[in-house]
Every structure is written in C-alpha cells, then in structure tokens.
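**Q**
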Amino acid sequence: MEDKYGLIGAPIAHSLSPAMHNFWFEEYGISGDYRLYPVEKCDLVQAVSRIKEARVKGFNVTFPHKTAILSLLDEVDEAAEVIGAVNTVVQTGGRLIGYNTDGIGFLKGLQRNFPSFINKRPSILVIGAGGAARSVALTLARAMGARVDICNRTCSKAVALSAACGAYSDSDALKFDQAERQLDRYQVVINTTSIGLNPDADHSVIHLNRALPGTLFADLIYSPRRTAFLREAERLGHPVMNGLSMLVYQGALAFQKWTGVFPETVKMENHLIKMYLMS
Ligand SMILES: NC(=O)c1ccc[n+]([C@@H]2O[C@H](COP(=O)([O-])OP(=O)(O)OC[C@H]3O[C@@H](n4cnc5c(N)ncnc54)[C@H](OP(=O)(O)O)[C@@H]3O)[C@@H](O)[C@H]2O)c1
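If you want it as structure tokens, here you go:
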C-alpha cells in the first residue's frame, strides 16, 4: 500500500499541493499518495489523533491551524518555534515532528531568481505581519542579518514582529505612510498581505514612486501571477518576483523531510503554470 501524505486546513479545495507532491512521487518512483483533508478550526485535535492512528507519514498544515497545531505535536523544530507556526509535519516512530518551510522556501526562491540581491545583504521592507510575514521576515533576519523593517495595517502586530526580528537584525515597525515616504531605503520590498487577491485584485498595497531604480518587488501571491503591486512595480521598471517559487520550494523542502529526496523545482514551476495557472 502507498504511504499516506496530505494537507490539513480549510478552505483547501484550491490547493496545488496534491498536484505538486503526487507529480514528484511519480517522478522519483517513491510510494506516496497526497490528499486533501479538510479540517475545520474546531476539529483539529480529533484530526491530529486520527492522522496518528492512520500512520500518515507526513502532512502540510495551512490556515487556520499553523499556530494551533504546535501544542499537539511531540516535537517542534527550533526555527518553527521562533516563527510560532508549523506548515510541515513528519510522523516517525509514532511521534509528530513539526517544521516551517515557508520562510526558507521564499529565501530559496530569491536565491535562485535574484542571487545578486542576496550577496549584497539588502535592506528589506516586509509589508504585512500575519503568519506568512512572520515566516519570511524572521527567516530573512536570521539568514541574512540585514535590516528587515515591518509595516502593517494593525500597528501592534508590526511592532511585535519587528521586536522578534530585532533579535537577529536591525528592524523598525512602520506605518504605511512612513514606509511609502522612505521607500528609497530598501533594495527589496515584499508584500505578504492578502491585498492583491480578489476582491482586492486591482488595489496596490502601497505607492511605489519613491523606490530607487533596481529595487526588487516581491509578492507572496502567485494567482493572479501579477498582482496590482507587481504590475505597478513592473510599470516603473523594477524587477519583480511572485509567490510561485516560494510555493514550490516550501513544498520541495517538505518533500525532502518526508522522503530524503530534494526534488527538481524549475520543471515543477513550469508544470504548475502550464496546468493550473494559465489565467
Ligand atoms: N506563495 C506561498 O507559498 C504562500 C505561502 C503562505 C501564504 N501565502 C500568501 O500570503 C498571504 C498572507 O497569508 P497569511 O497566512 O500571512 O495570512 P494572515 O496571517 O491572515 O495575514 C494577513 C495579512 O494581510 C493584512 N491584510 C489583510 N487585509 C488587509 C487590508 N484590506 N488592508 C491592509 N492589510 C490587510 C493583514 O493585516 P492586519 O494584521 O492588519 O489584519 C495581515 O498582515 C496570502 O495572500 C497567502 O495566499 C503565500
């Protein structure tokens, strides 16, 4: 029988993870079947005990369980503990071990697409302070030691994330208008908010006209492939990166934790664009 893998969360019907992992299982001749397991907020405890009993070998965790699951695991990796969220779980010897591959997934995408930015230890502005922002900002602060400033609609969350980043790098919390005024201080600007998804598809999260030439603009959203934020950055002549590399690398890192194989990522990005993200 094939080993069981999956994704828990709600809503998850739109997820590309089954397509990605089942493609890799086939490609590498590894026994595995990755399925969606919709789990509502109130059903998490029961779902985790069912997963243990069913000997599911590994699973991903998404909204709304990334933080709540920490207390239900037998062990949590140090980086996931610092981030305060888990997106990947490995079951081994009846123990559940939690990891967070989101932030490293973003960093690996940046390294592959724009290696010269990494070498220059850029000053970074992260827009947003939700779960994805925590993974990305803390990973970049820890890995690069460069300035990582945070701006967010809810100021208290920007202050808290900036304080956490401050353990590894310089970091300030800013309001949106402050960030817009001092945009020329950053070499990389990352939108981690959900602005850019429908119904906010035509709304860019901040004004970009103060940015210096060559500033890289990244968005964690990959569908649409170009949010209004990235379209505006491209119109002004800046390099841009959407969230597809992050999606594929966070998945590849999870696949490696489960199987020991780090799968090919460029072919996967092209496969997902062709099969699912043409619009
Ligand atoms: N590419 C990938 O692999 C990947 C992985 C994970 C997430 N993502 C994407 O990242 C985005 C955020 O996910 P998340 O898990 O971090 O969500 P989350 O925890 O709910 O955080 C949402 C963030 O967006 C901000 N926000 C939402 N609506 C806003 C509005 N109208 N005006 C200003 N700010 C607003 C929130 O600000 P407040 O704090 O003020 O509410 C918060 O900072 C989503 O689009 C998700 O699809 C992509």
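Numbering (UniProt numbering), first residue to last: 1 to 279.
Idealized CB from N, CA, C, for every residue including glycine.
1) Helix, strand or coil for lysine 66 per DSSP?
2) Label glutamine 46 either buried or exposed according to how many other C-beta atoms from any shown protein chain fall within 10 Å of its C-beta, with 16 as the threshold for buried.
3) Are at least three pairs of beta-carbons, each pair with one atom in the segment 64-84 and one in the segment 6-13, less than 8 angstroms apart?
4) Use the C-beta contact count for isoleucine 150: other C-beta atoms within 10 angstroms, 16 or more gives buried, fewer gives exposed.
5) Which whole-angstrom value describes the C-beta separation of tyrosine 249 and glycine 105, a residue pair presumed to lie in contact below a C-beta threshold of 8 angstroms?
6) Would you list the one or two residues that DSSP bridges to valine 259?
7) Could you check what DSSP says for phenylalanine 217 in three-state terms: helix, strand or coil?
8) Would you report the Cα separation of alanine 79 and leucine 138, rounded to the nearest angstrom?
9) Looking at the unbroken alpha helix (DSSP H) that takes in isoleucine 195, where does it start and where does it end?
10) If you drop the 5 nearest sequence neighbours on each side, which residues of the same chain put their C-beta closer than 8 angstroms to that of glutamine 256?
11) Mapping the DSSP letters down to three states, classify glycine 58 as helix, strand or coil.
12) Can aspartate 177 be considered in contact with ligand 1, in the sense that its beta carbon sits closer than 7 angstroms to one or more heavy atoms?
13) To the nearest whole angstrom, what separates the beta carbons of valine 188 and isoleucine 83, a pair I think is in contact under 8 angstroms?
14) Would you mind reading off the limits of the beta strand (DSSP E) that contains proline 38?
15) Please state the DSSP three-state secondary structure of methionine 20.
16) With 16 as the cutoff for other CB atoms within 10 Å, does isoleucine 190 come out buried or exposed?
17) Taking the alpha-carbon positions, what's the glutamate 180 to tyrosine 222 distance?
18) Quickly, what does DSSP pair threonine 154 with across the bridge? List them, please.
**A** The answer reads as follows:
1) Indexing the sequence shown from 1 puts residue 66 at position 66. DSSP places lysine 66 in coil when its eight states are reduced to three.
2) Position 46 of the sequence shown, counted from the first residue, corresponds to residue 46. Exposed, since its Cβ has fewer than 16 Cβ neighbours within 10 Å.
3) The answer is yes - the segment 6-13 touches the segment 64-84, with three or more Cβ pairs under 8 angstroms.
4) Sequence index remark: in the sequence shown, residue 150 carries index 150 (1-based). A residue is called buried once 16 or more other Cβ atoms fall within 10 Å of its Cβ, and isoleucine 150 is buried on that count.
5) By one-based count along the sequence shown, residue 249 stands at place 249. By one-based count along the sequence shown, residue 105 stands at place 105. At roughly 4 angstroms, the Cβ-Cβ gap stays under 8 angstroms, so tyrosine 249 and glycine 105 are in contact.
6) Numbered from 1 along the sequence shown, position 259 holds the residue referred to as residue 259. The sequence as given places threonine at residue 259; valine does not occur at that position. Note: threonine 259 sits in no beta bridge, so no partner.
7) One-based indexing of the sequence shown puts residue 217 at position 217. In the structure shown, phenylalanine 217 sits in a strand (DSSP, three-state: E or B).
8) For the purposes of this step, residue 79 is taken as the residue at position 79 of the sequence shown. For the purposes of this step, residue 138 is taken as the residue at position 138 of the sequence shown. One C-alpha to the other measures close to 9 angstroms.
9) Position 195 of the sequence shown, counted from the first residue, corresponds to residue 195. Here isoleucine 195 belongs to no alpha helix (DSSP H), and DSSP marks it neither H nor E.
10) On the sequence shown, position 256 is the one that residue 256 refers to. The residues are Phe262 and Pro263.
11) For the purposes of this step, residue 58 is identified with residue 58 of the sequence shown, where counting begins at 1. It is a strand residue.
12) As a working note, residue 177 is residue 177 in the sequence shown. Not so, every heavy atom of ligand 1 lies at least 7 angstroms from the Cβ.
13) In the sequence shown, counting from the first residue as 1, residue 188 sits at position 188. In the sequence shown, counting from the first residue as 1, residue 83 sits at position 83. Incorrect: roughly 19 angstroms between the Cβ atoms, too far for contact.
14) The residue labelled residue 38 in the question sits at position 38 within the sequence shown. 33-38 is the extent of the beta strand (DSSP E) around proline 38.
15) On the sequence shown, position 20 is the one that residue 20 refers to. Note: methionine 20 maps to helix in three-state DSSP.
16) Locating residue 190 in the sequence shown gives position 190, where the first residue counts as 1. The residue in question, isoleucine 190, is buried, as its Cβ has 16 or more Cβ neighbours within 10 Å.
17) To locate residue 180, count along the sequence shown from 1; it is residue 180. To locate residue 222, count along the sequence shown from 1; it is residue 222. Near 24 angstroms, if we compare the C-alpha coordinates of tyrosine 222 and glutamate 180.
18) Along the sequence shown, one-based indexing puts residue 154 at 154. Note: threonine 154 sits in no beta bridge, so no partner.
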